[in-house]
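To start, the structure itself, in structure tokens.
Numbering (our numbering), first residue to last: 11 to 420.
Listed below in structure tokens is the structure:
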């Protein structure tokens, strides 16, 4: 069977499109003839096996339903175990044409058989599916890349913090494909993080995304999606993270989001959800940490407990206002803040483009002599000095908040 896979695949790809025309031009094969071809799939003679495969492909429109019935029927005296195994292998080849109706039927059959407990047929079907999945994943990645969809490790803004995300799938304004391209998404069995960004994002696109088998995190950023367009999320797998940023969803989204399987963090940032709607959403979703903010972004990363700035993002709002690394935040609009949650709550009150007053402490550094080895006391006396902390200077500045960036790779 293995020796003819490549040849059969070529025949298959050239035949599937013409199956309907062949069926119209010739009388369909009788069930007895199909049964004979099935038995010949496990014949010891190569030529006999190859001829049977070609005949089944040639008459695929008529033979496929019979093949599926045979595959899903436990072995009987009529069809030996060898024939049943050969049918599963043949269906595996048909299933590799993932976008065709025949391929979908064959793959569905294999999936059903693989879900049987621990039968020999189930084990074989599982192995065939795994083989198909690995090959189709690469084909899907290659095709999606040609239409502007890329899976790659990225430095992204996640939950207002910059993080390295492995194997992130990004669909944005670079996408030039069609629904047929998006139909390949379920083959990306190892993708857990997806970012949808831009005005080209549609409800149909969201429907395809939630079909990813291992989807756990989803960002929806600066789209035209409205509340009703979020309904596909009801079919999502169990989610660890959903972020909806700068998109015109309003309080109507609450009736949808409250039924979405989210068990980690749900954030709405820069949306049209009202303050009252935010409180209602928080009250209704008990399985996730819910945060709703107006969308203002300061542009810093910091230690969560001490608010000491680790990075002031270049050309970000804080950086433009003169706030820099190692400064320690104290107040926002006169309100004391003590940790990252306090900072986030205060910034949540302001939208992008609005100004906030930031008070912070800046460390004062001074050169101080180090204790010297007595033997070296008179050697290079100015050499043994280093910068040391000499107190703090409290500063205050107006910062015009910006929009939270989604991708720090740009």
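Ideal Cβ positions, reconstructed from N, Cα and C, are used throughout, including at glycine.
- For residue 168, the enclosing beta strand (DSSP E) begins and ends at 160-168.
- Within the same chain, 310, 312, 335, 337 come within 6 Å of residue 319 by CB-CB distance, once the 5 residues on both sides are set aside.
- The DSSP-derived three-state label of residue 348 is coil.
- In this structure, residue 196 places its C-beta atom within 8 Å of the C-beta atom of residue 222.
- In the three-state DSSP reduction, residue 67 falls in the helix class (H, G or I).
- Per the C-alpha coordinates, the member of 378, 328, 82 positioned closest to residue 130 is 82.
- Of the candidates 168, 139, 176, 187, 187 places its Cα closest to the Cα of residue 159.
- Comparing C-alpha distances from residue 51 to each of 68, 96, 42, 80 shows the shortest one belongs to 96.
- Per DSSP, residue 373 is one residue of the beta strand (DSSP E) stretching across 365-379.
- Pairing residue 280 with residue 137 gives a Cβ-Cβ distance that is not under 8 Å.
- At a cut-off of 4 residues, the continuous stretches assigned as alpha helix (DSSP H) that sit fully inside the segment 92-147 are 111-124.
- DSSP places residue 311 in the uninterrupted beta strand (DSSP E) bounded by 310-312.
- Under DSSP, the beta-bridge partners assigned to residue 249 are 272.
- Here residue 253 is near residue 277, since their CB atoms are less than 8 Å apart.
- A straight line joining the alpha-carbon of residue 350 with that of residue 404 spans about 19 Å.
- Listed as beta-bridge partners of residue 277 by DSSP are 253, 301.
- CA-CA distance, residue 72 to residue 38, rounds to 7 Å.
- Its Cα nearest to that of residue 189, the residue 154 stands out among 275, 154, 58.
- Annotated three-state conformation of residue 175 is strand, per DSSP.
- A Cβ-Cβ distance of about 11 Å is found for the pair residue 367 and residue 356, leaving them out of contact under the 8 Å criterion.
- Ranked by how close their Cα comes to the Cα of residue 372, the residues 213, 204, 140, 406 have 406 in first place.
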